[in-house]
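Here's the structure we're looking at; comments come further down.
Chains as they are written, first to last, in my numbering: chain A, -8 to 327; chain B, -8 to 327.
Structure follows, in structure tokens:
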């Protein structure tokens, strides 16, 4: 964890165990990033509260689940710092500070917020914490002085807003106390659910969990949405929107064979079962070792807690230093 | 500071030295309260930032000024805990938590916020921190588990909103982790400025500071707004809206003489100068010892800093305990 590596901040809301959509979209990259980045993973329980204040038990119980997922896929606590958001007071302090540098109108204009308000049917009764979360996210990122943040394409505006806040803080402080942030948008976009619906999500029942059993994986692959008009093997089939192909693109390393299969499918003569068996074999190979490691770790929650505790302690010092830097640069009264 | 005394939380935004309006409206009461209450005074620098993010130097430089005013008027650090808001991370943590339990619509409906938005010409470009300040104020009050909060009449809705948040937290936690709060509205309302304008305020130039020199006090009293139609001594004069009488009501302990003077003034035959000389003498007597103590303390900023430091340390432990209580009761994941 040398000073020369760029710092990366990412993480997950603790609202459910992770699934293969997370694996393809973020976890795979994080396993790579940890070798050449100073990587912090935030177990984002307080952010999860912004729209789960009425279901805190869900937020609580998934802290360990997400941490288990991290360790099971190969996040190495010697290389990556795993920390718990609610136990880092400096994040709240920076959030409250940043809220003075952003207007209500600007928060409401954020497309991510606007879309999610619509998706969640929040209307005017949006919790204030939810509306403020772009400022809280800016606090998370800057508290670690991260310069790289991997985000989904739909979240790019949040990084723009973070940089806006950074510029305002630096301008007010007359010094570059906070570094600018670069968004990395992963090659593999958000995976659709097995039913072809926009988003894979445990709550929508269209996900394959990283802890899925062999039978669950097989059942999910067999149910998978393909081309509803592709009724007979000899018929030409559609590749676009065909979830099996989308998943093969995400998980099959043999890209030239996948390209051939696509061509064959489009011409006709290739049955869904051939593809599904191929995908099933790939996902079984991917998930089996993760599931086993996860089950082993789950029997030792003390170890997992210890990882979180150590990562959180290290992060607490670091984020407090940042708050102190920012407060001092802005010219707040400092007692010590 | 026994456990049996009720806990009172109050304080001032650090945006300017205090004036005799503060003395009549709050400081006088606090000197009494400290004998039979567990009293905390918050130097509210972070709240001051909610509408002073572009003038942090003002907020910073007035921390010591307000603390000096407290000590000069007779706030006893052995009886009252003076603490600095920006150095109490639990206040930010509780604020961020509470923002999930209040909607944007509810914050905007708060009459105090609505009026201040109007008064400050904020419109849609209101800083988010300003809109969120009712939740932050609820955090301040509850962090100390205060049950009594003295507020101006115009701020009573903020206490209502604090109690709403308290009820929601307690309902979610299924336990009374936070006590309900009672607002005390002081008998002496907000003093008008010496020009008769609604509010005494240093920035409006119509205030008499607690550090005012004898000459400044006299000049202010002589400029004071009376009854513009009371041109000759023998004319009947108006008492309502006559600032000299308003101040005599606030500062002259001899209420029966003040009642006689009012009657005489209304009948005619009593000149403004008689009243102004009386008020001047009273204010000179009030302010002289405050000014002297203040000047003496100002020569020993180390002592003042030490008072703030000790009060803030004590408050830090106490407010952190409250955050921990609230987080535990709500069922957040706790690392230790």
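Just so you know, even glycine gets a beta-carbon here, dropped at the ideal spot from N, CA and C.
With H, G and I counted as helix, E and B as strand and the rest as coil, what does DSSP make of residue i?
i: residue 221 of chain B; result: coil
i: residue -8 of chain B; result: For residue -8 of chain B, the predicted model reports a pLDDT of 46, less than 50, meaning its position is unreliable; a value from the coordinates is still stated below. If DSSP states are grouped into helix, strand and coil, residue -8 of chain B belongs with coil.
i: residue 4 of chain A; result: strand
i: residue 30 of chain A; result: strand
i: residue 50 of chain B; result: helix
i: residue 172 of chain B; result: coil
i: residue 132 of chain A; result: helix
i: residue 255 of chain A; result: helix
i: residue 140 of chain A; result: strand
i: residue 118 of chain B; result: strand
i: residue 104 of chain A; result: helix
i: residue 203 of chain B; result: coil
i: residue 211 of chain B; result: helix
i: residue 248 of chain B; result: helix
i: residue -1 of chain A; result: strand
i: residue 86 of chain A; result: helix
i: residue 35 of chain A; result: strand
i: residue 62 of chain B; result: helix
i: residue 324 of chain A; result: coil
By the 10 Å Cβ neighbour count, where 16 or more other Cβ atoms means buried, how is residue i classified, buried or exposed?
i: residue 292 of chain A; result: exposed
i: residue 142 of chain A; result: buried
i: residue 303 of chain B; result: buried
i: residue -8 of chain B; result: Reliability fails at residue -8 of chain B, whose pLDDT of 46 lies under 50, so the model's placement of it is uncertain and the value that follows must be treated cautiously. Burial call: exposed.
i: residue 254 of chain A; result: exposed
i: residue 198 of chain A; result: buried
i: residue 37 of chain B; result: buried
i: residue 140 of chain B; result: buried
i: residue 91 of chain A; result: buried
i: residue 294 of chain B; result: exposed
i: residue -5 of chain A; result: exposed
i: residue 251 of chain B; result: exposed
i: residue 56 of chain B; result: buried
i: residue 176 of chain A; result: exposed
i: residue 232 of chain B; result: exposed
i: residue 325 of chain A; result: exposed
Find the nearest neighbour of residue i within the set the options, judged by alpha-carbon distance.
i: residue 212 of chain B; options: B:52, B:265, B:68 and B:124; result: B:265
i: residue 89 of chain B; options: A:40, A:286 and A:19; result: A:40
i: residue 196 of chain B; options: B:205, B:204, B:202 and B:186; result: B:186
i: residue 217 of chain A; options: A:51, A:172 and A:234; result: A:234
i: residue 189 of chain B; options: B:208, B:165, B:153 and B:145; result: B:145
i: residue 4 of chain A; options: A:307, A:58 and A:153; result: A:58
i: residue 307 of chain B; options: A:105, A:80 and A:176; result: A:80
i: residue 98 of chain B; options: A:120, A:87, A:108 and A:111; result: A:120
i: residue 130 of chain A; options: A:273, A:26, A:77 and A:11; result: A:77
i: residue 122 of chain A; options: A:133, A:136 and A:102; result: A:102
i: residue 34 of chain A; options: A:19, A:60 and A:24; result: A:60
i: residue 0 of chain A; options: A:23, A:221 and A:136; result: A:136
Got a sec: does the ligand MG put a non-hydrogen atom nearer than 7 Å to the Cβ of residue i?
i: residue 220 of chain A; result: In the structure shown, the ligand MG is absent, as is every other ligand, since no ligand is present at all.
Give the range of the alpha helix (DSSP H) segment to which residue i is assigned.
i: residue 281 of chain A; result: 263 to 289
i: residue 9 of chain B; result: Where residue 9 of chain B is concerned, there is no enclosing alpha helix (DSSP H), given that its DSSP letter is neither H nor E.
i: residue 293 of chain A; result: 292 to 321
i: residue 154 of chain A; result: 147 to 164
i: residue 338 of chain A; result: Any question about residue 338 of chain A goes unanswered here, given that chain A covers just -8 to 327.
i: residue 79 of chain B; result: No alpha helix (DSSP H) holds residue 79 of chain B; DSSP gives it neither H nor E.
Counting along the chain, where does the beta strand (DSSP E) carrying residue i start and finish?
i: residue 75 of chain A; result: 71 to 75
Determine which residues of the segment 200 to 219 of chain A have a Cβ less than 7 Å from any Cβ of chain B, and write them out in chain order. none
Residues in the segment 55 to 89 of chain A with C-beta within 9 Å of chain B's C-beta atoms, listed in sequence order? 55, 75, 77, 78, 80, 81, 82, 83, 84, 85, 86, 87, 88 and 89
Which residues, in chain order, does the segment 280 to 298 of chain B contribute to contact with chain A at a C-beta distance below 8 Å? 296
Mind checking the segment 111 to 124 of chain A against chain B and listing, in chain order, the residues whose C-beta falls within less than 8 Å of any C-beta there? 115, 116, 117, 118, 119, 120, 121, 122 and 123
Could you name the residues of the segment 90 to 108 of chain A whose beta carbon sits closer than 7 Å to any beta carbon of chain B, in the order they occur along the chain? 90, 91, 92, 93, 94, 95, 96 and 98
Where the segment 36 to 55 of chain B meets chain D: residues whose CB sits under 7 Å from a CB there: In the structure shown, chain D does not exist; the protein chains are A and B.
The segment 143 to 165 of chain B: positions lying closer than 8 Å to chain A by Cβ: 163
Going along the chain, which residues of the segment 299 to 312 of chain A sit with their C-beta nearer than 7 Å to a C-beta in chain B? 299, 300 and 303
If the cut-off is 8 Å on Cβ atoms, which residues from the segment 1 to 16 of chain A count as contacting chain B, listed in chain order? 5
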